[in-house]
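Residue numbers (the working numbering): 3 to 138.
Glycine included, C-beta positions come from ideal geometry on N, C-alpha and C.
Written out below as structure tokens is the structure these notes cover.
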Amino acid sequence: MYLADTSVRLYRKRNGTVSVRLRSFLMIHCKGGNGFKLSAYLNKLVGSITLDTGECVIFDELSYTESCLYKMEHMIHEFWASGTTNMSVIKDGAGLLRLEYRLFPFEGQGSPSVIEAIVPVLARGVRAQRWTTSSL
């Protein structure tokens, strides 16, 4: 399993915090047939991004589509992850994206599988809102 389109975006929220969002695609190599129901096999999915400042943001929401596109022996599921943090300034940078998961629901299967990648982190929104102000 791996991710495609891994840029992470930062948005300033009205309350002054920063929303950290990833919209991507889960790519799962699956020979023969039409794939399988991912939710029946994927469990304990957790994720985070460590920004180039050293700050780690845990994704408190992770989700994927139940339906998928099955092409070229791959199941392609849409995937979203988001978290919130406090930052005085949001700007373009990089981060270490980390997802841990287990593909089967039984106990004693050992360590979780891990996807790690250095990804672009992109500041989005109106430039004037990329800095906190005392009124927020």
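Over the uninterrupted beta strand (DSSP E) stretch that includes residue i, give me the two end residues.
i      : result
Ile30  : Val20 to His31
Thr52  : Asn45 to Leu53
Pro122 : Ser115 to Ala125
Ala42  : Note, Ala42: premise wrong, no beta strand (DSSP E); not H, not E.
Leu5   : Tyr4 to Ala6
Arg104 : Gly95 to Arg104
Determine the burial state of residue i: buried for a count of at least 16 other Cβ atoms within 10 Å of its Cβ, exposed for fewer.
i      : result
Ile30  : buried
Glu118 : exposed
Met74  : exposed
Val10  : buried
Ser136 : The pLDDT assigned to Ser136 is 47, lower than 50, so where the model puts this residue is not dependable; a value taken from the coordinates is nonetheless given after this. Exposed, by the Cβ-count rule.
Leu138 : For Leu138, the predicted model reports a pLDDT of 43, less than 50, meaning its position is unreliable; a value from the coordinates is still stated below. The residue in question, Leu138, is exposed, as its Cβ has fewer than 16 Cβ neighbours within 10 Å.
Ser113 : exposed
Ile120 : exposed
Where DSSP assigns a beta bridge to residue i, which residues make up the other side?
i     : result
Glu63 : Ser84
Lys73 : His76
Arg11 : Arg23 and Leu124
Measuring straight from C-alpha to C-alpha, what distance separates residue i and residue j?
i      : j      : result
Glu102 : Thr87  : 21 Å
Asn116 : Glu68  : Before going further, note that residue 116 is Val rather than Asn in the sequence given. Going by the C-alpha atoms only, they are around 21 Å apart.
Val48  : Trp82  : 12 Å
Asp62  : Lys46  : 13 Å
Arg126 : Leu40  : 32 Å
Met89  : Tyr13  : 11 Å
Gly169 : Ile51  : Outside the displayed span of the chain (3 to 138) sits residue 169, for which this structure offers no information.
Thr55  : Leu124 : 14 Å
Could you say which of the options lies nearest to residue i if we only look at CA atoms?
i     : options                        : result
Leu53 : Pro122, Gly127 and Ser113      : Pro122
Arg25 : Glu80, Ile92, Met89 and Ala125 : Glu80
Leu44 : Ser90, Ile92 and Met3          : Met3
Lys99 : Ala42, Arg23 and Ala125        : The sequence as given places Leu at residue 99; Lys does not occur at that position. Comparing Cα-Cα distances from Leu99 to each of Ala42, Arg23 and Ala125, the minimum goes to Arg23.
Asp7  : Thr19, Phe27, Arg14 and Tyr13  : Phe27
Cys58 : Arg14, Leu64 and Gly97         : Gly97
Gly34 : Met77, Leu124 and Ser90        : Met77
Ile60 : Arg104, Ser21 and Leu105       : Ser21
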